[in-house]
Amino acid sequence: MKWNLVFLGLLLTFGQLSWGQKGMDIPEYDGKDRVHDLNAKNYKSVMKKYDVMVVYYHEHVGSSKVAQKQFQIEELALEVGLTEKSAQGDGVIGSTWNQCLVEADSIYIFIEDEVIEYDGELAADTLVEFLYDVIEDPVEIIDNVRELKGFHNIEEDIKLVGFFKSQKSEHYQEYEDAAEEFHPHIKFFATFSPKVAKSLDLKLNEVDFYEPFMDEPVVIPGKPYSEKELVAFIEDNDRPTLRKMQPHNMYEIWEDALDGEHIIAFAEEGDPDGFEFLEIVKEVAEDNTDNPNLSIVWIDPDDFPLLVPYWEKIFDIDLSSPQIGVVEVDDADSIWFDMDDDDDMPTVDELEDWLEDVLENKIDPDEDEDDDDEDDDDDDDDDDDDDDDDDDDDDDDDDDDDDDNDDDDDDDDDDDDDDDDDDDDDDDDDDDDDDDDDDDDDDDDDDDDDDDDDDDDDDDDDDDDDDDDDDDDDDDDDDDEDDD
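Just so you know, our numbering puts 1039 at position 202 of the sequence shown, and the rest follows in order with no gaps.
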C-alpha cells in the first residue's frame, strides 16, 4: 500500500512538471503564410475567410532590389504572431488597385462592419497589441470595486463611463453604437451596479467624459443621449489639453495639430526630474482644461528609443533632461523653453506665463527662425564688412607705406638738394667773402695811397707857405734897413 502511494506521488510530480513545462511554452511563429496579395479578383474571396482583416496599402514596389527588400521587411512585420486566431489574416494591396483605400502606406483593419485605420508605427509588437484591443468589446463593463480601481488607473487615454439599467436598455444600445465609432482609440466603460455608480457619482443614463490625466470628469449634457449626440460631443472634445503620444497613435496625434503647431513636452516618467516636470505640466493642464486653444503633447523618450537621436539633432535639444517647446509640423522649426538651471524645474506660474505667450503668438518658431536668418545675415554682413575694413586697412597701410616711402624719398631728395644748395651757398658765400675781402683790401690800399698823397701835398703846400713867409720876412727886413 505504501509503495502504491509512493508510486502515485512520483506520477503526480512528473505530471505537474510536464504540465508546467507545457504552460511555459512561448508561442513561436508556425511558418504559415498569413499575408495575401490582394487584387480585384481575389479580394472578396479572401475577405470572407476571416473575421478580422488587416490591409496594408502601399506603393508599387517596382524592380529596385532595395525597395523589394524593404517591402519584404514590412511584409514580415505584418506576419503577426496570432497563431491561435485562425479567423484573422493580413492583406497587401498595391497602389494600382484602390477600390476602397485612398492613402498610400496606410494600414486598415476590417472587422464586421467597421473599418479602422491604424496610425501607429509599423512594428509587429505594436500592431499585435493594437489588434488585441480591436477584437475586444467596444464597451467594458465595471461590476465591482476591483474593476473600478482598474478604471481609475487608466489616465493616459480619453475614457467615458455611463450608468445604465441593463445591457438591454435602449440608452445603453445608443451608447454602445457610439463606442464602435471610436473603438479602440477611446475607452468606453459602463456599469449596471448602483453601488459602482454611486462611487462614480453617476445618475441613471448619465455619461461622464474624462480627459487624459484629469481626475474630475465632465458630465455630458442632455441625457438621455442618442448615438449622434454622443458622437458629436466626443468629436468636439477629442483634442485633450494634455495627451500622450504612444507608438500605436503617433501619426494620428502628429497630424492633429493646432494651426500647424504642437506644444511638445519631453519627459521620462521613470526619471525623477522627468516625473517632477510631468507633474508640473499636469497641473498646468488641469488649471487650463477649459482653454480650447491649449493642447500639450507629452512624449516619453523611453517609448521611442530609436527616435531620440533624430529629435535631439533636428530640435537641437538634450533629451537627457525634460524639455518643452513649440514645433512646426511642416518644417520642424522649433523654439524651446529656456530652463536656466537643470536642477531647478520651472514653477507652474512660469510655465503658464510662457504658454500664454505662445498662444498669443509672442513666441513663434517662424519668427524665431526669421530672427536667426537675420542674425546670420547680419553676421555675414559683419564678416563682409570686417573683411572690407581689413582690406581697406591693408590698402590704407599700403598707401601709407607708399606715402611714407615717397615722403622719405622726397625728404632724402630735399635733404640732398638742401645739402647741395647749402654747399653752393657756402661756396658762393666764401667766394663773396673772398671778393669782399679783396675789394676791401684794394680800397684800403687806395685810401692809404690817397692819404699819403694828400699828406705829401699838404707837406708841399706847407713848405711853400713857409718859404713864402720867409721871403716876405726878408723883404721886410731889407726895407727897414733902407729906411734907417
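Even glycine gets a Cβ: it sits at the ideal position worked out from N, Cα and C.
Spatial distance of residue i from residue j (CA atoms)
| i | j | result |
| --- | --- | --- |
| Val-892 | Ile-944 | 6 Å |
| Phe-1025 | Gly-1107 | 28 Å |
| Met-1087 | Ala-877 | 31 Å |
| Val-1195 | Asp-1038 | 37 Å |
| Ile-1023 | His-989 | 15 Å |
| Leu-964 | Phe-1103 | 24 Å |
| Asn-1074 | Gln-1010 | 22 Å |
| Asn-879 | Asp-974 | 30 Å |
| Asp-980 | Gly-868 | 41 Å |
| Asp-1181 | Gly-1111 | 12 Å |
| Glu-921 | Ile-991 | Residue placement at Glu-921 is flagged as unreliable, the pLDDT there being 41, under the threshold of 50; a coordinate-derived value is accordingly withheld. |
| Val-982 | Lys-1040 | 18 Å |
8 Å Cβ cutoff met for residue i and residue j
| i | j | result |
| --- | --- | --- |
| Glu-1018 | Val-1068 | yes |
| Gly-999 | Ala-1027 | yes |
| Val-1185 | Val-1121 | yes |
| Leu-1188 | Ile-1101 | no |
| Asp-1139 | Glu-1105 | yes |
| Phe-1046 | Phe-1029 | no |
| Asp-970 | Pro-1021 | yes |
| Pro-1058 | His-1008 | no |
| Leu-985 | Ser-1063 | no |
| Val-1163 | Ile-1154 | no |
| Leu-997 | Val-1044 | yes |
| Lys-1081 | Glu-993 | yes |
Pick from the options that is closest to residue i, judged by C-alpha positions
| i | options | result |
| --- | --- | --- |
| Phe-795 | Asp-1045, Asp-888, Gly-957 and Ile-979 | A question about residue 795 goes unanswered here, because the residues of the chain that appear run from 838 up to 1321. |
| Asp-1168 | Ser-1132, Glu-1098 and Thr-1078 | Glu-1098 |
| Ala-1016 | Asp-1186, Glu-1066, Ile-991 and Asn-1130 | Glu-1066 |
| Arg-824 | Ala-1094, Phe-967 and Leu-1039 | Since the displayed the chain opens at 838 and closes at 1321, residue 824 lies outside it and no answer follows. |
| Asp-1052 | Ser-1003, Glu-1193, Asp-1124 and Lys-885 | Asp-1124 |
| Ile-953 | Leu-875, His-1085 and Asn-1130 | His-1085 |
| Pro-1129 | Leu-1143, Glu-1072 and Asp-1201 | Glu-1072 |
| Gln-1160 | Met-1176, Asp-1181 and Ile-1090 | Met-1176 |
| Asp-1203 | Leu-1131, Asp-1096 and Leu-1041 | Asp-1096 |
Range covered by the alpha helix (DSSP H) that runs through residue i
| i | result |
| --- | --- |
| Phe-1019 | 1007–1019 |
| Ile-1090 | 1087–1092 |
| His-1099 | Not the alpha helix (DSSP H): His-1099 falls in the beta strand (DSSP E), residues 1098–1103. |
| Ala-1122 | 1109–1124 |
| Tyr-945 | That residue, Tyr-945, is in no alpha helix (DSSP H); its beta strand (DSSP E) goes 943–948. |
| Lys-1035 | 1031–1036 |
| Ile-1136 | That residue, Ile-1136, is in no alpha helix (DSSP H); its beta strand (DSSP E) goes 1133–1136. |
| Asn-990 | 982–990 |
| Met-884 | 880–884 |
| Asp-1073 | 1064–1073 |
| Glu-865 | Neither: Glu-865 is in no alpha helix (DSSP H) and is coded neither H nor E. |
| Pro-1146 | 1145–1152 |
DSSP bridge partner residues for residue i (one or two, in chain order)
| i | result |
| --- | --- |
| Lys-996 | Lys-1024 and Tyr-1047 |
| Glu-977 | Phe-1026 |
| Trp-1173 | Gly-1162 |
| Tyr-955 | Ile-944 |
| Val-1185 | BP columns for Val-1185 are empty, so no partner. |
| Leu-1156 | Looking at the DSSP assignment, Leu-1156 forms no beta bridge with any residue, so it has no partner. |
| Leu-1095 | Glu-1098 |
| Val-1056 | Asp-1045 |
Residue i CB to nearest heavy atom of the ligand ATP below 7 Å
| i | result |
| --- | --- |
| Asp-1137 | Because no ligand of any kind appears in the structure shown, any question about the ligand ATP cannot be addressed here. |
Below-8 Å beta-carbon distance, residue i vs any chain C residue
| i | result |
| --- | --- |
| Glu-1149 | Judged by its chain identifiers, the structure shown contains no chain C, having just a single protein chain. |
Endpoints, the beta strand (DSSP E) within which residue i is located
| i | result |
| --- | --- |
| Lys-1081 | 1079–1081 |
| Ile-972 | Note, Ile-972: premise wrong, no beta strand (DSSP E); alpha helix (DSSP H) at 961–972. |
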